[in-house]
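In this note's numbering, the protein residues as written are 2 to 196.
Note that CB positions come from ideal geometry on N, CA and C, so glycine has one too.
Since the structure is predicted, the reported quantities are computational estimates derived from the model, not experimental observations.
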Amino acid sequence: MSTRIEILTGEALGAALEDLARLRIEVFRAWPYLYEGSMDYERGYLERYEKTKGAVIVGAFDGDRLVGAATGEPLEEEVIQFRAPFEDKGLDPKTIFYLAESVLLPAYRGQGIGHRFFDEREAHARRLGFQATAFCAVVRPDSHPLRPADYQPLDDFWKKRGYDKLNGVRVHFPWRDVGEEHETEKPMQVWMRHL
């Protein structure tokens, strides 16, 4: 499949938010996120990117269709649930660029797009003068009943890109799991690298 990568900021970023919302709902519904999303929630959650100086979406397009996207913004602009664990560890959010969601439809995986998502966001962070990049990954127990038998964690991929788990630093963020009535907080491990 032929895809093109575009760096979206400003008006182009704003124009992509609706498609990003749909992608997040579809991709994050699968393991390990199991996210039961809604467009109403997504619109409110994602609108901050449009208002944040330095925010970026790296979009993967098949023709005019957004089939994957990775976002980022200065950590100091993130919601408190994401900032506070860094601050508690003595890290300055002003020096860290936060790599938020990375979603790609299954049919487009294994083509190097995930690497491009990291390459382009890291390059964007360097241009803005950030010293490090960081992201969070949900932590689910191996014994979880919905864990697929063939699930392969992305830890090795992230390590090859120079990321390490930041010991003792976890974000806790609520969402509703597929099939559940109410939101519950999920632990997410922070990974970071210096640029």
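Q | Beta-carbon contacts of LEU100 that lie in its chain and below 6 Å, excluding the five residues immediately before and after | A | Leaving aside the five residues that flank LEU100 on each side, the residues in its chain whose CB is nearer than 6 Å to its CB run, in chain order, GLY73, ARG122, THR134 and PHE136.
(Q) If distances are taken between C-alpha atoms only, which option among TYR34, LEU24 and ASP165 comes closest to ARG148? (A) Closest in alpha carbon position to ARG148, among TYR34, LEU24 and ASP165, is TYR34.
**Q.** Host alpha helix (DSSP H) of LYS90 (start-end)
**A.** That residue, LYS90, is in no alpha helix (DSSP H); it is neither H nor E in DSSP.
Q: Using the Cα positions of LEU105 and VAL68, report the straight-line distance between them to the nearest angstrom.
A: Distance between the alpha carbons of LEU105 and VAL68 is about 6 Å.
Q.
Only counting the same chain, and skipping five residues up and downstream in sequence, which positions put a Cβ closer than 8 Å to that of HIS116?
A. If we look at HIS116 and ignore the five residues flanking it on each side, its Cβ neighbours are ARG162.
Q: Rank VAL191, PHE174, LEU92 and GLU182 by C-alpha distance to the C-alpha of ASP165 and give the top, closest one.
A: Closest by alpha carbon: VAL191.
**Q.** Residue from VAL139, ASP151, GLY169 and ARG194 whose Cα sits closest to the Cα of THR185
**A.** For THR185, the closest alpha carbon among the candidates VAL139, ASP151, GLY169 and ARG194 is that of VAL139.
(Q) Using the three-state DSSP reduction, which class does PHE128 fall into: helix, strand or coil? (A) Looking at the sequence shown, residue 128 is not Phe but Arg. The answer is helix: DSSP assigns ARG128 an H, G or I state.
Q: Reducing DSSP to helix, strand and coil, say where VAL59 ends up.
A: Under the three-state reduction of DSSP output, VAL59 falls in the strand class.
Q) Just the Cα atoms here: how many angstroms apart are GLY91 and ARG84? A) Spanning the two alpha carbons is a distance of roughly 11 Å.
(Q) With the cut-off set at 7 Å, would you say ALA70 and GLY60 are in Cβ contact? (A) A contact, by the Cβ cut-off of 7 Å.
(Q) Helix, strand or coil, according to DSSP, for GLU186 in the structure here? (A) Look at GLU186 here: in three-state DSSP terms it is strand.
Q.
Let's see if you can read the secondary structure: which residues bound the beta strand (DSSP E) around LEU18?
A. Annotation: LEU18 is outside any beta strand (DSSP E); the continuous alpha helix (DSSP H) that includes it extends over 11-28.
Q) Leaving out five residues before and five after ARG25 in sequence, what residues of the same chain have Cβ atoms less than 7 Å from its Cβ? A) Cβ contact annotation for ARG25 (same chain, cutoff 7 Å, sequence separation greater than five): GLY38, GLU43, GLU102 and VAL104, in chain order.
Q) Which of helix, strand or coil does DSSP assign to ARG141? A) If DSSP states are grouped into helix, strand and coil, ARG141 belongs with coil.
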